[in-house]
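Notes to accompany the following structure.
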Amino acid sequence: MHTWINALSDLQSRGEPCVLVTIIEERGSTPRNAGSKMVVSAEQLFDTIGGGHLEYKAMHIARQMLAERREAPHLERFSLGASLGQCCGGATVLLFEPMGQVQAQIAVFGAGHVGRALVPLLAALPCKVRWIDSREQEFPESIPAGVSKIVSEEPVDEVDELPAGSYCIVMTHNHQLDLELTAAILKRNDFTWFGLIGSKTKRVKFEHRLRERGFAEERLQRMRCPMGIAEVKGKLPIEIAVSIAAEIIATYNASFGQHNNAANAGPIAQLLPPSRRSQAI
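Using this note's numbering, read the sequence shown as starting at 857 and increasing by one per residue.
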């Protein structure tokens, strides 16, 4: 059996979010003891907290948390009676802990100087990164963990492969390629954030060409160009990279804490049997 601790390590090394489910309290007859754990990913289940409908219910809750990208731990008490189709007759409290939740799916088009400075910064964040360029020789020998290197003769085709809600960063070596990527990204229009490297002059030129292609003004306003935190004035690749990474962090943190539910993360004593509450307070 692939134990929960090995599964958790493997999933986190791949940057794949999961939920660690732990029995933290048992009362009466239960299928497994307190401390038993299992790991739930979007598609797999590792180890067990006893099987049966309890485990099925826990798996469903964990995957709902993953789908909602919830970050706060969640406590829930279950009675192991007829309602769960289990005859143990006891009760158990489960702790659900989100692990390695991905904050952003990021596509970086371009492996030039700024791209090589930016991608390691993004790789250190709770993000999945696609790094795309037609020039394999531009990529460094060592690609950071959690980054997928994509060498494509037609980088524009890769836009169709991006998950909805992606963060898109365009910084290639070719202005015409930048324009075609921009048009493809704006045409999809299902991104969370889109940044194009360049000056205000470049933005004006691109907007003019995109209007000629029929793009509406409100669509063009979704494009960040220049991108990055305006207060960072430096022109070194690392300075530009830090500025861009900071804006991405600010964007995905804009709703930080909104998924937290005080009732779900409430005091553990409220979920414990009466005989144990005094010990938890």
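Think of the CB as a built atom: it goes at the ideal place given N, C-alpha and C, for glycine as much as any other residue. Quantities reported herein were computed from a predicted structural model and do not represent experimental measurements.
Where residue i and residue j are concerned, what is the direct C-alpha to C-alpha distance, given to the nearest angstrom?
| i | j | result |
| --- | --- | --- |
| GLU899 | ARG926 | 17 Å |
| GLU1010 | ILE1094 | 27 Å |
| GLN868 | MET955 | 8 Å |
| ALA863 | HIS1064 | 51 Å |
| CYS983 | ILE962 | 7 Å |
| GLN959 | ARG883 | 37 Å |
| ALA1051 | GLU994 | The displayed chain sequence assigns Gly, not Ala, to residue 1051. Their Cα atoms are separated by approximately 21 Å. |
| VAL877 | ALA914 | 8 Å |
| HIS1031 | ARG1080 | 16 Å |
| LEU1092 | ILE917 | 46 Å |
| PRO1082 | ALA979 | 22 Å |
| LEU1042 | VAL985 | 20 Å |
| ARG972 | ALA1001 | 14 Å |
| VAL970 | PHE934 | 52 Å |
| LYS1058 | ASN1109 | 29 Å |
| PHE1112 | GLU1074 | With a pLDDT of 48 at PHE1112, under the threshold of 50, the predicted position of this residue should be treated as unreliable, and no value is reported. |
| GLY966 | ARG1078 | 20 Å |
Pop quiz: residue i and residue j are said to be a contact at Cβ under 8 Å. What is the actual Cβ separation, rounded to whole angstroms?
| i | j | result |
| --- | --- | --- |
| GLU1103 | GLY1084 | 5 Å |
| ILE880 | VAL949 | 5 Å |
| SER990 | SER1008 | 6 Å |
| VAL1026 | ARG1044 | That belief does not hold up - the Cβ atoms of VAL1026 and ARG1044 are roughly 13 Å apart, past 8 Å. |
| PRO887 | GLY907 | 6 Å |
Exposed or buried, which one is residue i when buried takes at least 16 other CB atoms within 10 Å?
| i | result |
| --- | --- |
| SER865 | exposed |
| GLU1087 | exposed |
| LYS1056 | exposed |
| TYR912 | exposed |
| VAL875 | buried |
| PRO1019 | exposed |
| GLY1070 | exposed |
| VAL1060 | exposed |
| GLN1114 | Note that GLN1114 scores 47 on pLDDT, short of 50, meaning its location in the model is unreliable; the coordinates nonetheless yield the value given after this. Classification for GLN1114: exposed. |
Output needed for residue i: all residues of its chain with C-beta closer than 8 Å, excluding positions within five of it in sequence on either side, in chain order.
| i | result |
| --- | --- |
| VAL1012 | LEU1033, GLU1036, LEU1037, ALA1040 |
| LEU977 | ALA1097, VAL1098, ALA1101 |
| GLU992 | VAL1007 |
| LEU1076 | LEU1042, GLU1063, LEU1066, ARG1067 |
Going along the chain, which residues of its own chain have a beta-carbon closer than 6 Å to the beta-carbon of residue i, five neighbours each way excluded?
| i | result |
| --- | --- |
| LYS860 | The amino acid at residue 860 is misidentified as Lys; the sequence shows Trp. LYS893, MET894, VAL895, PHE902, ASP903. |
| TRP987 | VAL964, VAL975, VAL1003, LYS1005 |
| THR1107 | TRP1049 |
| GLU932 | LEU950 |
| GLY968 | HIS1029 |
| ASP1046 | ALA1020 |
| ILE1053 | MET1027 |
| CYS1024 | ALA963, ILE1041, PHE1047, PHE1050 |
| ILE1105 | none |
For residue i, which residues from the same chain have a beta carbon less than 7 Å from its beta carbon, with the 5 sequence-adjacent residues on both sides left out?
| i | result |
| --- | --- |
| ALA890 | ILE879, ILE880, GLU881, GLU882 |
| LEU922 | PRO873, VAL875, ALA898 |
| GLN957 | PRO873, ARG925, GLU927, PRO982 |
| ALA1072 | none |
| PRO996 | ARG972 |
Comparing the CB of residue i with every heavy atom of the ligand ATP, is any distance shorter than 7 Å?
| i | result |
| --- | --- |
| ALA1086 | The ligand ATP is not among the ligands present in this structure, which contains no ligands whatsoever. |
Inset, instruction - Run through the region 899 to 943 for me and flag every whole alpha helix (DSSP H) of 4 or more residues, listed as ranges in chain order. - result: Unbroken alpha helix (DSSP H) runs of no fewer than 4 residues, entirely contained in the region 899 to 943, are found at 908 to 923, following chain order.
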